[in-house]
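Colleague: So that we are looking at the same thing, I have put the structure below in structure tokens.
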Ligand code: C2E
Ligand code: MG
Ligand code: MG
Ligand code: MG
């Protein structure tokens, strides 16, 4: 009987694998189709990045990709970006994201006052960055949209630093005046030995470094975050904390000298229209106005 049960398990297991492979293939085909039809199923949402020394106004967002699948509904990026990377579709998808973000930026800059429009940070996969001529492509697309380089930021993960070709491209991108942020800092190939020669302007501290509630019992965690921030400042970079969810975390980050914060506590990623309304809103209309006054 045990043997028969074992046999059944194996059957169930292979059946599960077969199904997973079939689903993956289907998703890949759907992604292909979505790109072929011009990207109407895709949408960028914009999450405010709030500078703690100038929280009265909003000057920057991170662009986050959303896929509104015709039958499955909204699929989160973590569920299809890795697939797009494995299949090479990330190049087309990345081009779509860059164009959509630049078109939105051009719109915002056209309606902006003399101080200029906002900055939008676009996430870039290492596979995109290692493409020959990627830096020149970025410069050409900025010019085509009539935008200054300062309007665009690129976010790359530490993975890219393991890829020499891609890391070299970053230097070209920064030479244009486009700022580069290292995303999810601290969870990947992080090493103190290269912090001082990162080809970047900004570090985005991964949310796993924030104590769960940020409360008084986390003295050790607070000292650690403060030390990381000092170190980042010492090498001339600035620090954005991501995934800020509680007032205690925000208070901790302010005490620790953090430059800017991003997280559900302040604002969730939102469609372009409400994001644009925030750009025109007064200090008291910022969703984080009350929270900042309290912490
Ligand atoms: P990421 O670049 O680290 O983006 C931050 C993620 O954290 C976003 O998830 C955002 O919605 C989420 N987040 C923001 N505030 C909070 C918070 O307070 N708590 C929690 N728990 N989460 C928060 P999202 O939009 O699902 O994106 C996931 C990842 O997918 C991104 O992580 C990024 O690596 C990737 N991604 C998103 N859009 C693009 C894109 O256009 N191109 C590429 N290559 N990757 C993208
Ligand atoms: Mg990011
Ligand atoms: Mg991030
Ligand atoms: Mg992250």
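Numbering (my numbering), first residue to last: 81 to 375. Built from N, CA and C at the ideal position, the CB exists for glycine as well.
(1) Three-state secondary structure (DSSP) at residue 218?
(2) What number of angstroms, rounded off, separates the C-alpha of residue 293 from the C-alpha of residue 277?
(3) Cα separation between residue 147 and residue 349?
(4) Under 5 Å, CB to any heavy atom of ligand 2. Which residues pass, going along the chain?
(5) Would you check if the distance between the CB atom of residue 215 and the CB atom of residue 222 is smaller than 7 Å?
(6) Could you check the C-alpha separation between residue 375 and residue 325 for me, to the nearest Å?
(7) Secondary structure at residue 368, three-state DSSP: helix, strand or coil?
(8) Would you say the beta carbon of residue 325 comes nearer than 6 Å to a heavy atom of ligand 3?
(9) Would you report the Cα separation of residue 365 and residue 358, rounded to the nearest angstrom?
(10) Residue range of the beta strand (DSSP E) that residue 283 falls in?
(11) Counting Cβ pairs closer than 8 Å, one from the stretch 184-195 and one from the stretch 151-159, do we hit at least three?
(12) How about residue 362: is its C-beta nearer than 7 Å to some C-beta of chain D?
(13) Considering only the alpha carbon of each residue, which of 203, 344, 227, 224 lies closest to residue 238?
Modeller: In short, the structure shows the following:
(1) Position 138 of the chain shown, counting from 1, holds the residue named residue 218. Residue 218 sits in a helix when the DSSP states are folded into three classes.
(2) Position 213 of the chain shown, counted from the first residue, corresponds to residue 293. Position 197 of the chain shown, counted from the first residue, corresponds to residue 277. Going from the Cα of residue 293 to the Cα of residue 277 covers about 33 Å.
(3) If you number the chain shown from 1, residue 147 lands on position 67. If you number the chain shown from 1, residue 349 lands on position 269. Between residue 147 and residue 349, the C-alpha separation is close to 14 Å.
(4) That query returns the following residues: 203, 235, 263.
(5) Sequence index remark: in the chain shown, residue 215 carries index 135 (1-based). Sequence index remark: in the chain shown, residue 222 carries index 142 (1-based). No, the pair does not count as a contact, with Cβ atoms beyond the cut-off.
(6) Locating residue 375 in the chain shown gives position 295, where the first residue counts as 1. Locating residue 325 in the chain shown gives position 245, where the first residue counts as 1. Between residue 375 and residue 325, the C-alpha separation is close to 13 Å.
(7) Taking the first residue of the chain shown as position 1, residue 368 is located at position 288. In the structure shown, residue 368 sits in coil (DSSP, three-state: anything other than H, G, I, E or B).
(8) Against the chain shown, residue 325 aligns to sequence position 245. Checking every heavy atom of ligand 3 against the Cβ of residue 325, none is found closer than 6 Å.
(9) Here residue 365 is taken as the residue at index 285 of the chain shown, counted from 1. Here residue 358 is taken as the residue at index 278 of the chain shown, counted from 1. For residue 365 and residue 358, the distance between alpha carbons rounds to 8 Å.
(10) As a position in the chain shown, residue 283 is number 203, starting the count at 1. Counting along the chain, the beta strand (DSSP E) containing residue 283 begins and ends at 282-285.
(11) no
(12) Checking the listed chains, one finds no chain D in this structure; it contains a single protein chain.
(13) Residue numbering aside, residue 238 sits at position 158 when the chain shown is read from its first letter. Closest option to residue 238, Cα to Cα, is 203.
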